[in-house]
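One structure is given below, encoded as structure tokens.
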Amino acid sequence: MKIKNIKSKKLFSDAKKLMPGGVNSPVRSFKAVGGIPHFIAKGDGPFIFDEDDNRFLDFTCSWGPLILGHNNKIVKDSIKEVIEFGTSFGTPTRRENILAELIIEAVESIDKIRFVNSGTEATMSAVRLARGFTGKDLIIKFEGCYHGHADLFLSNAGSGLATFDQPSSPGVPQSVVDSTITLDFNNIKQVENAFKKYENKIAAVIVEPITGNMSVIKPKNDFINGLRELCTKNNSLLIFDEVMTGFRVKHGGAQELLSVKPDLTTLGKVIGGGLPVGAYGGRKEIMSFIAPEGPVYQAGTLSGNPVSMSAGIATLKQLKNDKVYSYLNEISKYLSDGLKNISEIHSYPLIVNEFCSMIGIFCTDNTVNSYKDITKTCIDNYNMLHRYFLDNLIYFPPSAYEALFLSTKIKHHHIDHVLDTFNKFCVEQKN
Ligand code: KE4
62 MKIKNIKSKK LFSDAKKLMP GGVNSPVRSF KAVGGIPHFI AKGDGPFIFD
112 EDDNRFLDFT CSWGPLILGH NNKIVKDSIK EVIEFGTSFG TPTRRENILA
162 ELIIEAVESI DKIRFVNSGT EATMSAVRLA RGFTGKDLII KFEGCYHGHA
212 DLFLSNAGSG LATFDQPSSP GVPQSVVDST ITLDFNNIKQ VENAFKKYEN
262 KIAAVIVEPI TGNMSVIKPK NDFINGLREL CTKNNSLLIF DEVMTGFRVK
312 HGGAQELLSV KPDLTTLGKV IGGGLPVGAY GGRKEIMSFI APEGPVYQAG
362 TLSGNPVSMS AGIATLKQLK NDKVYSYLNE ISKYLSDGLK NISEIHSYPL
412 IVNEFCSMIG IFCTDNTVNS YKDITKTCID NYNMLHRYFL DNLIYFPPSA
462 YEALFLSTKI KHHHIDHVLD TFNKFCVEQK N
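Here it is, written out as structure tokens:
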């Protein structure tokens, strides 16, 4: 069914005259999947409504933050309440204490926390802190993991194994990535070799413990435990980038699911309830290095602003209820099992990785354990599936490298609609 998009088309044409690519973040442009993006006018529960009055069942959830669905009443009321008194004061406010306490009591590895305004700010600050605390410079990261757009993260693996990186974007000087080493996710041998090669020079290893930016890939058992052991043995810090997985895969994040404690954790998305918030936190003795307590500088005009704090508090208070995660687990399994069963019935190549409301879909029959594996999957098939779902008013993320997110507002009958649509897609593929 071709859906109306006259208004989105006009808005996109205007937007491209005003903003690069017509968007304020590249992945929204639909460049990866083709077609034009839908300009969304409002969200409500499991739905988003575009300017042409199409109502989509949403599985992007604003790239993760909206775990409680769109227009959550408690979050909305908390924002209305706080703006009665103003929006920002550039001073400490009590709501920062409240949100900090909610996070510290949920995430065992965090004794102290600093709020910033995005995931990128959180990860770049965590790396600076790790370098300041250890007095070392080198950082290990993994291909396919995304930690935001700070220069030091915009690099690809160097030519040989465990050699220094090369920039992956113009504007990033080689000097900046000369201290970054990119290795293969799930390859603990490469990490061991890097620690041997650069003995006592590695400040930290940063990793998405369950990836969401090469879609959803879970670490092999020896990988995450191996990172923990190697960092401890070499007096380097293990940084879990939980901007996506924090309060998403479990109340205590992926570190609770995997039973591995990092030295620093970065957070974002869900902790802001749809408003701009990032955070980084960890053990007291590490966090005490952050200004003004310690020498490592980091600051932000709107960090901890009462409006964002209020939305975060309202969100995390609702997530303290265990029933939320058991429900999300249940509906995620219902969707992933349904997709797998239908793909088997029709012999349609599909792998589905599901971790409590984060789901990765790969159009392939082979296992997917690393970035190289995903590049061998059929991206074109994902794009065809994306378009088919969109024409049936189901909004999957507009990139094969992104994760699906379920909110608590997604019900079984919504998933039945998705499964019926997928079944029709498979039948049509065969004809
Ligand atoms: P932000 O600066 O976009 O708030 O966070 C950066 C970031 C850091 N770490 C992880 C694990 C992340 O997933 C992200 C941002 N995620 C992307 C979606 N894959 C944001 C969407 C976008 O770039 O528009």
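Count along the sequence shown from 1, add 61, and you get the number used in the numbering used here.
Beta carbons are placed, not taken as given, at the ideal position from N, Cα and C, and that holds for glycine.
Predicted model, so just to flag it, every value in this text is computed and none were measured.
Minimum C-alpha distance to residue i - residue among the options
i: residue 424; options: 407, 469 and 443; result: 443
i: residue 199; options: 208, 207, 189 and 206; result: 189
i: residue 408; options: 247, 355, 488 and 435; result: 488
i: residue 150; options: 382, 369 and 417; result: 369
i: residue 378; options: 113, 96 and 128; result: 128
i: residue 194; options: 268, 346, 272 and 155; result: 346
i: residue 464; options: 329, 344, 471 and 273; result: 273
i: residue 185; options: 419, 304 and 114; result: 304
i: residue 9; options: 217, 105 and 77; result: Since the first residue shown for the chain is 62 and the last is 492, residue 9 is missing from the structure and cannot be characterised.
i: residue 209; options: 234, 279, 420 and 180; result: 180
i: residue 268; options: 204, 290 and 420; result: 204
i: residue 431; options: 249, 183, 108 and 275; result: 275
heavy atom of ligand 1 below 7 angstroms from residue i C-beta
i: residue 175; result: no
i: residue 88; result: yes
i: residue 304; result: yes
i: residue 469; result: no
i: residue 361; result: no
i: residue 151; result: no
i: residue 326; result: no
i: residue 179; result: yes
i: residue 395; result: no
i: residue 341; result: no
i: residue 414; result: no
i: residue 184; result: yes
i: residue 269; result: yes
i: residue 365; result: no
i: residue 456; result: no
i: residue 209; result: yes
i: residue 83; result: no
8 angstroms CB neighbourhood of residue i in its chain, flanking five on each side removed
i: residue 19; result: Residue 19 falls outside the range modelled here, since the chain spans only 62 to 492, and no answer is possible.
i: residue 455; result: 117, 118, 120, 478, 479 and 482
Three-state secondary structure assigned by DSSP to residue i
i: residue 266; result: strand
i: residue 325; result: strand
i: residue 181; result: helix
i: residue 233; result: coil
i: residue 464; result: coil
i: residue 89; result: helix
i: residue 299; result: strand
i: residue 106; result: strand
i: residue 203; result: strand
i: residue 241; result: strand
i: residue 470; result: coil
i: residue 194; result: helix
Cross-strand partners of residue i (DSSP beta bridge)
i: residue 227; result: 217
i: residue 38; result: Residue 38 is absent from the model: the chain starts at 62 and stops at 492.
i: residue 115; result: Residue 115 pairs with nothing; no bridge assigned.
Heavy atom of ligand 2 within 7 angstroms of residue i beta-carbon
i: residue 463; result: Looking at this structure, you won't find ligand 2 anywhere; what it does contain is ligand 1.
Cβ-based neighbour list, residue i, same chain, cut-off 6 angstroms, excluding 5 preceding and 5 following
i: residue 438; result: 423, 424 and 425
i: residue 301; result: 270, 316, 323 and 326
i: residue 191; result: 264, 265 and 298
Chain-order list of residues whose beta-carbon lies under 7 angstroms from that of residue i (same chain, five-residue window excluded)
i: residue 356; result: 193 and 350
i: residue 135; result: 375 and 379
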